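The structure appears right after this line, and notes come after that.
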Amino acid sequence: MLTHLDSQGRANMVDVTEKAVTEREATAEARVRMLPQTLQMIVDGGHPKGDVFAVARIAGIQAAKKTSDLIPLCHPLMLTSVKVELSAEGQDTVRIVARCKLAGQTGVEMEALTAASVAALTIYDMCKAVDKGMVIEQVRLLEKLGGKSGHYKVEA
């Protein structure tokens, strides 16, 4: 059932007033494929704009906190933890993993997905001068804990 639609099919914000406050956590990922020399420049710390991973990490954290401003019908949430990890994968890919936590009445999947997405966009922005052909891909939810729907985890 699509919970963001009312009985007439109109979009509305879900009322979570009666829902119990529970611990909730979500993990999402994104990947940015690029030229091997672009990734090497990032890993070596040779980018003229500075530490690409550090800037992307901060952007992802800020984005998680702003998710309700970006995604219609998302509730503003009091996140208790946002972690964004970036790592080189192979010779041409950056893997981003974002984890969000809170004790609240609704889940944090959108916050984790937004954090991973904006971190990926930040990498693109910082590196587009040297590699316009970068590809952002595989933005997806990896795991969700808590709430009525319980535990979800991507199959390996």
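4 is the number of the first residue of the sequence shown in this note's numbering; add one for each residue after it.
Where a beta carbon is used, it is the ideal one built from N, C-alpha and C, also for glycine.
Treat the numbers as computed from the prediction; the structure is a model and nothing was measured.
As the crow flies, the alpha-carbon of Thr30 is around 9 Å from that of Ala119. Restricted to the region 29-101, the alpha helix (DSSP H) segments that are unbroken, complete and at least 4 residues in length are 39-47, 55-68 and 70-73, listed in chain order. For the pair Lys151 and Ala67, the Cα-to-Cα distance works out to about 22 Å. The alpha carbon of Lys86 has as its nearest neighbour, out of Glu158, His78, Ala101 and Val157, the alpha carbon of Ala101. Note on Ile74: under 16 other CB atoms within 10 angstroms of its CB, so exposed under the neighbour-count rule. The C-alpha of Arg98 lies about 27 Å from the C-alpha of Thr109.
Contact between the region 42-55 and the region 137-148 is absent: fewer than three C-beta pairs spanning the two stretches fall below 8 Å.
Rounded to whole angstroms, the gap between the alpha carbons of Lys52 and Met129 is 7 Å. One thing to note: Val17 has its Cβ no nearer than 8 Å to the Cβ of Ala62. Between Leu145 and Glu26 the beta-carbon gap is near 18 Å, outside 8 Å, which marks them as no contact. Taking 8 Å as the cut-off, the Cβ atoms of Thr96 and Val35 count as close. CA-CA distance, Glu88 to Val24, rounds to 27 Å.
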